[in-house]
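A quick write-up on the structure given underneath.
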Amino acid sequence: MTSLAPTRSDVVLRRVEAYAPERSVTVEEIAAGLGLNRYQTRLFRRIRGLDRLRIDPDLGLLDLVCPPAEALLAEVGDRDRIRYLIFAHTAQDLTPTTLVAADALRERLGLPDAEAFAVTQHACASGLLAIEVAGELLRAADDPDALALVLTGEQPFTRAIQVLWNTSIIGEASSACLVGLGGAGTRVLSYAARTVGEFFDGYQLAGAALHRFGSTYHTYLVEVIREALAAAELELADLTMVIPHNVNISSWVTICATLGLDRDRVFLDNVGEYSHCSCSDPFLNLATLASRGALVAGGRYLVTAVGLGATYSAMVVECAGS
Amino acid sequence: MERHEIVEKIQAALAEVLMRDFGPLSEGTRLFEDMHLDSTAILELLMALEDNIGIEVDPENLNMDDFRTVGTLTDFLERARKVSS
Numbered sequence: 001m002t003s004l005a006p007t008r009s010d011v012v013l014r015r016v017e018a019y020a021p022e023r024s025v026t027v028e029e030i031a032a033g034l035g036l037n038r039y040q041t042r043l044f045r046r047i048r049g050l051d052r053l054r055i056d057p058d059l060g061l062l063d064l065v066c067p068p069a070e071a072l073l074a075e076v077g078d079r080d081r082i083r084y085l086i087f088a089h090t091a092q093d094l095t096p097t098t099l100v101a102a103d104a105l106r107e108r109l110g111l112p113d114a115e116a117f118a119v120t121q122h123a124c125a126s127g128l129l130a131i132e133v134a135g136e137l138l139r140a141a142d143d144p145d146a147l148a149l150v151l152t153g154e155q156p157f158t159r160a161i162q163v164l165w166n167t168s169i170i171g172e173a174s175s176a177c178l179v180g181l182g183g184a185g186t187r188v189l190s191y192a193a194r195t196v197g198e199f200f201d202g203y204q205l206a207g208a209a210l211h212r213f214g215s216t217y218h219t220y221l222v223e224v225i226r227e228a229l230a231a232a233e234l235e236l237a238d239l240t241m242v243i244p245h246n247v248n249i250s251s252w253v254t255i256c257a258t259l260g261l262d263r264d265r266v267f268l269d270n271v272g273e274y275s276h277c278s279c280s281d282p283f284l285n286l287a288t289l290a291s292r293g294a295l296v297a298g299g300r301y302l303v304t305a306v307g308l309g310a311t312y313s314a315m316v317v318e319c320a321g322s
Numbered sequence: 001m002e003r004h005e006i007v008e009k010i011q012a013a014l015a016e017v018l019m020r021d022f023g024p025l026s027e028g029t030r031l032f033e034d035m036h037l038d039s040t041a042i043l044e045l046l047m048a049l050e051d052n053i054g055i056e057v058d059p060e061n062l063n064m065d066d067f068r069t070v071g072t073l074t075d076f077l078e079r080a081r082k083v084s085s
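Residue numbers (the working numbering), protein chains in the order written: chain W, 1 to 322; chain Y, 1 to 85.
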């Protein structure tokens with residue numbers, strides 16, 4: 001087992017934007033195409049709480065990832081201060097070997113001086129890892145005003161990575177998050193992550209290992225949630241809300257019961273609207289709450305993500321308001 | 001529906017979900033250890049039983065202890081039938 005020491009942080013999410021394709025399908029429509037039987041389909045709606053997913057097969061990868069980044073960059077006065085473009089994604093390769101997605105994004109977004117690279121090691125938890133990596137790089141930079149742009153967004157290009165057993169179905173969404181040290185925005189108070197190597201098979205987990213993954217999922221996630229809260233010197237009661245990953249409703253029923261947390265304090269609206277969108281969930285959910293004017297200035301929020309492989313992560317942030 | 005009929009429904013649903021016919025099962029048959037179901041396959045089995053018995057369980061109140069054996073699952077389904085009716 002590998003744990004990153006929980007950290008307190010000076011990282012600020014200056015701005016968060018998210019995007020999802022307009023085209024959507026119901027669980028039943030997509031299940032038929034994926035060859036799921038009627039019981040599996042019913043399970044996804046009745047037990048997992050999925051309803052619709054955004055999917056647009058006519059969009060290219062860059063067409064999916066760029067819109068929130070372009071919206072964000074339109075508000076950034078000095079793009080030269082963006083020193084790093086970090087593309088967080090779950091699948092290790094999203095493009096043919098002749099094309100580096102992070103480089104293509106840097107070019108399309110007009111950031112020729114930014115160092116561009118991908119972070120995938122925590123699978124669907126790589127978005128939160130990328131925020132931590134951005135903070136480390138910015139602290140090491142010689143310019144206190146330097147910025148990093150963290151992007152997410154990918155399309156599940158095979159059935160094997162679109163259907164996670166009877167647990168979730170992957171949809172499409174993307175996000176862009178501008179990261180700086182200090183300044184106005186959503187302040188990261190702490191971050192905790194733990195990788196349990198026993199589940200290294202990821203999508204290929206089966207048999208006893210899959211059973212253990214399912215039966216320990218909540219335990220490991222609750223542990224990192226408690227670590228992140230302790231590092232932020234906060235209690236569960238201090239949180240305004242939990243902003244979860246959108247894997248499904250039923251896992252959060254169990255997590256809430258384990259934590260003694262009221263379900264009303266977990267933002268679950270986007271599970272039915274988007275389902276699980278790889279690394280984008282935390283940012284998509286933050287952006288949704290912001291667009292509703294529902295983020296409380298000074299409120300503390302717990303953000304979570306879990307990646308196959310398996311990494312459990314939690315981040316506590318203090319919001320500047322919507 | 002008599003208890004033995006519910007056990008038969010479970011046998012039929014297991015055969016459908018696992019795509020194998022196991023023949024008659026005792027109430028002591030363990031779903032995880034003996035039938036090698038994982039927690040997600042158990043839920044698929046539950047959906048099949050909802051369909052075949054004509055009940056709807058409350059997804060908020062599922063307890064994996066109810067899925068330990070064919071017997072505990074039968075107890076659970078008998079309780080669920082009473083609530084549904």
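Even glycine gets a Cβ: it sits at the ideal position worked out from N, Cα and C.
Chain W within 7 Å of D38 of chain Y, Cβ atoms only: yes
Can you tell me the Cβ-Cβ gap for H211 of chain W and D66 of chain Y, rounded? I've got them flagged as a contact below 8 Å. About 17 Å separates the two Cβ atoms, so there is no contact after all.
Output yes or no for whether 7 Å exceeds the beta carbon distance between E56 of chain Y and E50 of chain Y. yes
Going by the beta-carbon positions, is the gap between V114 of chain Y and E27 of chain Y smaller than 7 Å? The requested residue 114 of chain Y does not occur in the structure, where chain Y is confined to residues 1 to 85.
Proximal residues to I225 of chain W (C-beta, below 6 Å), its chain only, five neighbours per side dropped: A314
Tell me which residues of the stretch 31–64 of chain W have at least one Cβ-Cβ distance to chain Y shorter than 9 Å, keeping chain order. N37, R38, Y39, Q40, T41, R42, L43, R46, I47, R48, G49
Taking Cβ positions only, does M47 of chain Y come closer than 7 Å to chain W? yes
Return yes when the Cβ of M47 of chain Y is within less than 7 Å of the Cβ of R106 of chain W, no when it is not. no
Could you compute how far the alpha carbon of I131 of chain W sits from the alpha carbon of V150 of chain W? 7 Å
Roughly how many angstroms separate the alpha carbons of E172 of chain W and S291 of chain W, rounded to a whole number? 19 Å
Do P282 of chain W and G127 of chain W come within 7 Å of each other at the CB atom, strictly closer than that value? yes
Looking only at its own chain, which residues have a Cβ that is under 8 Å from the Cβ of N270 of chain W, when we skip the five neighbours before and after it? N246, D281, L284, N285, T288
Going by DSSP, what residues sit across from H276 of chain W in a beta bridge? W:I170
When you compare only the Cα positions, how much space is there between A123 of chain W and G35 of chain W? 25 Å
Do you know whose CA, among W:E223, W:Y84, W:L111, W:A118, lies nearest V100 of chain W's CA? W:A118
Leaving out the 5 sequence neighbours to the left and right, which residues in its chain are closer than 8 Å to T98 of chain W when beta-carbon positions are compared? none
In chain order, what residues of the same chain lie with their CB nearer than 6 Å to the CB of P327 of chain W, ignoring the 5 residues before and after it? Nothing can be reported for residue 327 of chain W: it is not among the residues displayed for chain W, which extend from 1 to 322.
Go ahead and pull the three-state DSSP assignment for I10 of chain Y. helix
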